[in-house]
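full-length UniProt numbering applies: residue 1 is where the sequence shown begins, and numbers increase by one. The C-beta atom is built at its ideal place from N, Cα and C for all residues, glycine as well. Input: a single structure, listed below in structure tokens.
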Amino acid sequence: MSWDALEVELAAVAGTVSVYAGRLGRRPAYTRLPDAPHYAASTMKVAVLAALHRVAEAGEVELDAPVPVVNEFDSARPGAGRFSCAADYDNDEAVWARLDGTAPLRWLAERMIVRSSNLATNLVLGHVGLPAVAEVWADSGARHSRTQRGIEDFAARDAGLDNQVTAADLARLLGGIARSRLASPGTCAAMLDVLLGQERGEDLAAGLPPGTRIAHKNGWVRGIRHGAGIVFPDDAPPYAVVVCTSVPPDAAGGPSGDDRDEQARRLLARVSALVWAARHRLGTVD
């Protein structure tokens, strides 16, 4: 399938579908609405991961030191008090099993990525701070993405403080990690290892041949399904593939709930498969 044919197919999908596909360090082979803003869902956790490893590299935190596992966090909205995560809205029982105990930050960061734990995310974010995450976005070259609150900080959300990404910015962030542009090579390799350990493979990874290495993070809430990754073929240079989909929850005539998410997962897998098929001809040198 040509990129033009893919564009026609995606134009028929309800809502906003953004795509970025291309080799690292080169112009992308294909983009579609790459700068369109989307609610970040769990893709923001990649920036939190990078912030943690950078402050650890600077000697400000110790990754293997145990920290308290609590479920109460300061809201990003001044004067709003504290908030908590809901266990039934999380994806990782292992972190909740340590509630009121301790866990190393390194382990929490891994669970934040490979199982997308919300509780682990807020714990890590509490130790690095929102300014450190903002610095990650800035240093990656992101133009429109921001992380302004923790997961389930509804007071901050209602005050207009939110988490936003674009397909192009997610590609810049992951590319910065893969190319050791955001920290030392050893630190970036450690981040990449976490992303390569991703256990949620129902979207981008599902479109690749079994065993293909992909360092990625997905994110989903009602009406949202994103996937952002760096693929490492054995027979071609690495490349970035990012697909962000946002559909209004009340879109007329469309599916709802699990059916809509299943369609979105299949769409991400299809785009991933098409980019894989074009892996030998992705992009031109800047």
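Whole-Å CB distance - residue i paired with residue j, under 8 Å assumed
i	j	result
Arg111	Ala120	4 Å
Pro66	Ala103	6 Å
Ala156	Gln148	7 Å
Leu204	Ala269	7 Å
Gly15	Val243	Going by Cβ atoms, the distance from Gly15 to Val243 rounds to 12 Å, so no, they are not a contact pair.
Pro238	Leu24	6 Å
Asn91	Arg106	Wrong, their Cβ atoms sit about 19 Å apart, outside the cutoff.
His127	Val61	6 Å
Residue from the options whose Cα sits closest to the Cα of residue i
i	options	result
Gly186	Val19, Glu57, Asp4, Pro248	Glu57
Asp153	Leu267, Asp258, Asp74	Asp74
Asp100	Pro68, Ala87, Asn91	Pro68
Asn118	Ser42, Met1, Asp258	Ser42
Glu135	Val70, Gly176, Leu161, Ser116	Gly176
Arg26	Trp276, Asn71, Asp234, Arg172	Arg172
Gly150	Ser140, Phe83, Asp259	Phe83
Ala36	Leu196, Glu199, Thr166	Thr166
Val48	Ala240, Gln198, Ile113, Glu199	Ile113
Leu86	Pro78, Asn71, Asp259	Per the sequence presented here, residue 86 reads as Ala, with Leu not at that position. Comparing Cα-Cα distances from Ala86 to each of Pro78, Asn71, Asp259, the minimum goes to Asn71.
Asn122	His38, Gly201, Leu52, Glu199	Leu52
Ala80	Asp64, Val61, Gly141, Asp158	Asp158
Leu63	Pro78, Val124, His38	Val124
Asp162	Thr31, His38, Trp276	His38
residue 301	Trp276, Leu196, Arg200, Gln198	Residue 301 lies beyond the residue range present for the chain, which begins at 1 and ends at 286; the question has no answer from this structure.
Leu274	Ala240, Ile224, Phe232, Gly207	Gly207
Val133	Phe232, Ala50, Cys188, Arg200	Ala50
Val13	Arg77, Ala138, Thr245	Thr245
Asp258	Asp139, Gly201, Arg225, Ala240	Arg225
Segment limits, beta strand (DSSP E) that includes residue i
i	result
Thr187	Element bounds for Thr187: not the beta strand (DSSP E) but the alpha helix (DSSP H), 185-196.
Ile230	224-232
Ala215	213-221
Val48	Where Val48 is concerned, there is no enclosing beta strand (DSSP E), although the alpha helix (DSSP H) it sits in stretches over 45-57.
Ala240	239-246
Ala103	102-104
Val67	66-68
Exposed unless 16 or more other CB atoms sit within 10 angstroms - verdict on residue i
i	result
Arg54	buried
His216	buried
Ile230	buried
Tyr89	exposed
Arg281	exposed
Gly253	For Gly253, the predicted model reports a pLDDT of 49, less than 50, meaning its position is unreliable; a value from the coordinates is still stated below. By the 10 Å Cβ count, Gly253 comes out exposed.
Ala178	buried
Ala40	buried
Met44	buried
Asp261	buried
residue 352	The chain is shown from 1 up to 286; residue 352 falls before or after that span and cannot be answered.
Pro28	buried
Gly160	exposed
Asp169	buried
Gly227	buried
Ala94	exposed
Ser272	buried
Ala21	buried
Ala278	buried
Ser18	buried
Gly129	exposed
Ala183	buried
Where the alpha helix (DSSP H) through residue i begins and ends
i	result
Val128	118-128
Arg32	Note, Arg32: premise wrong, no alpha helix (DSSP H); beta strand (DSSP E) at 30-32.
Val8	3-11
Arg26	First-last for Arg26: undefined, no H or E at that position.
Ala168	167-178
Val95	93-96
Ala155	154-158
Chain D contact for residue i (CB, 8 Å cutoff)
i	result
Val242	Absent from the structure is chain D; it holds one protein chain and no more.
With three or more beta-carbon pairs closer than 8 Å as the criterion, would you say the segment 126-146 touches the segment 199-214? no
Should the segment 217-227 be regarded as contacting the segment 257-268, the criterion being three or more beta carbon pairs within less than 8 Å? yes
Quick test of the definition: if touching needs 3 or more C-beta pairs under 8 Å, does the segment 6-20 touch the segment 185-200? no
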